[in-house]
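Taking it in order: structure first as structure tokens, then the write-up.
In the UniProt record's numbering, the protein residues as written are 1 to 374.
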């Protein structure tokens, strides 16, 4: 038996330990309840905040969408403004060109039109004794119009070969003029707006490249001797402008080569430039090339016309590096075609026994008071 005092001490310690254990259990229960309450509050807050977060995200996305729409609208307005400025500039340029032509027409020499009956009377119905020579395109007669001696040239109905020759001469002359611009020193000159409306004929029917208002002096690249120049805004005419220049703003002498290719295709087809290169390429692939040729010219030299069409398609390649060189490839071929056309024209005249001393030159008025009527 333990002493009474020791037993009381043990019971007191046990009682104290029980109290401490009870307090600890109460504290644990309280902490657990508080944790559960906090967890419930957190879940409740999360459930309450999630819609607000979704709403905030939606507001943010909506704001971004509006900002993108505003940016796109601003870009569209800028593009429309640039397009309108370009159209206005083209309209003004066309109006100025029209005014220039009208001014020239007012200052040019006047002429008179004669009826076929007046021509027949003047030549005594094309009498042989009135015939003074034979040109490459028809006979020349002596006659009187308004009491004035004149020389009257009659074009033969079968002289369509002359039109083909004339077209090839124009092509070669355009190439020569373009090469002159591209070889100017110290910097090449790129036309940027080469099109049929800017190809004029002088009084001798020699082709002249006009309207160089958009032309640009371009510094040559020393590294590769390839002329390139970056423009902030493209200039030119739709269907004739270089696609690579239009997309990148990089200007070069071969930008004019693309325009030249479209012009060559128009010369042999007399069709609109819209999609002309594509239609010509498809016609060659399908074997319907002759259907693309200008129907007003009978008896086309198909083989030579096909060579010219293929050369034009090479000029109209979308990538600048795929286009041929003007000086070494294009111009020599055009000169060859022109010389061949001249040879064929001479053979045509000789073969018909129509050659005279006037074949190589038009009727001269230097030694005669007569005027030439063509």
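By construction, the Cβ of each residue, glycine as well, lies at the ideal position given by its N, Cα and C atoms.
Exercise for review: From the DSSP output, in three-state form, read off residue 187 for me.
Suggested key: coil
**Study point:** Identity of the residues DSSP links to residue 199 by a beta bridge
**Key:** 209
Check your understanding: Going by the CB atoms, is the gap between residue 261 and residue 209 shorter than 8 Å?
Key -> no
Check your understanding: Residues bridged to residue 385 by DSSP?
Key -> The displayed coordinates of the chain run from 1 to 374. Any statement about residue 385 would go beyond what the structure contains.
Point to revise | Assigned secondary structure, residue 355 (DSSP; H/G/I helix, E/B strand, else coil) | key: At residue 355, the pLDDT of 38 sits below 50, so the modelled position is not reliable; the number obtained from the coordinates is stated separately. Coil, per DSSP.
Review point. Does the Cβ-Cβ distance between residue 320 and residue 252 come in under 8 Å?
Key: yes
Check your understanding: Going straight from the alpha carbon of residue 339 to that of residue 330, what length do you get?
Key -> 14 Å
Review point. Within 10 angstroms of its Cβ, does residue 244 collect 16 or more other Cβ (buried), or is it exposed?
Key: buried
Review point. For residue 309 versus residue 268, is the C-beta spacing smaller than 8 Å?
Key: yes
Point to revise | Opening and closing residue of the beta strand (DSSP E) in which residue 302 lies | key: Per DSSP, residue 302 belongs to no beta strand (DSSP E); it is in the alpha helix (DSSP H), 302-315.
Check your understanding: How far does the alpha helix (DSSP H) with residue 290 in it reach, from first residue to last?
Key -> 289-292
Review point. Which word fits residue 143, buried or exposed, when buried means at least 16 other C-beta atoms lie within 10 angstroms of its C-beta?
Key: buried
Exercise for review: Identify, in the order they occur along the chain, each residue of the same chain with its Cβ nearer than 7 Å to the Cβ of residue 240, setting aside the five sequence neighbours on each side.
Suggested key: 194, 195, 259, 262, 273
Check your understanding: Can you give the Cα-Cα distance for residue 120 and residue 149, rounded to whole angstroms?
Key -> 14 Å
Check your understanding: Is the beta carbon of residue 264 sitting closer than 8 Å to the one on residue 197?
Key -> no
Review point. Mind checking residue 146: buried by the 16 CB within 10 Å criterion, or exposed?
Key: exposed
Exercise for review: Give the DSSP bridge partners of residue 148, in chain order.
Suggested key: 145
Review point. Going by DSSP, what residues sit across from residue 153 in a beta bridge?
Key: 140
**Study point:** 8 Å Cβ cutoff met for residue 314 and residue 324
**Key:** yes
Check your understanding: So, using beta-carbon positions, are residue 124 and residue 191 closer together than 8 Å?
Key -> no
Review point. Roughly how many angstroms lie between the CA atoms of residue 248 and residue 242, to the nearest whole one?
Key: 10 Å
Practice item. Compare the C-alpha of residue 173 against each of 155, 336, 133 and name the closest. Key: 336
Exercise for review: Decide if residue 287 is buried, meaning its Cβ has at least 16 other Cβ atoms within 10 Å, or exposed.
Suggested key: exposed
Practice item. Assign residue 118 to buried or exposed, taking buried as 16 or more other Cβ atoms, counted over all protein chains shown, within 10 Å of its Cβ. Key: exposed
Review point. Just reading off the alpha helix (DSSP H) that residue 121 is part of, what are its end residues?
Key: 116-122
Practice item. Check residue 323 in the structure and name its three-state DSSP category. Key: coil
Point to revise | Whole-angstrom C-beta distance between residue 293 and residue 305, which should lie under 8 Å | key: 6 Å
Check your understanding: Does DSSP classify residue 297 as helix, strand or coil?
Key -> coil
Practice item. Could you say which of 96, 92, 152 lies nearest to residue 114 if we only look at CA atoms? Key: 152
Review point. Could you give the residue range of the alpha helix (DSSP H) that holds residue 194?
Key: Premise fails: residue 194 is in no alpha helix (DSSP H) and is neither H nor E.
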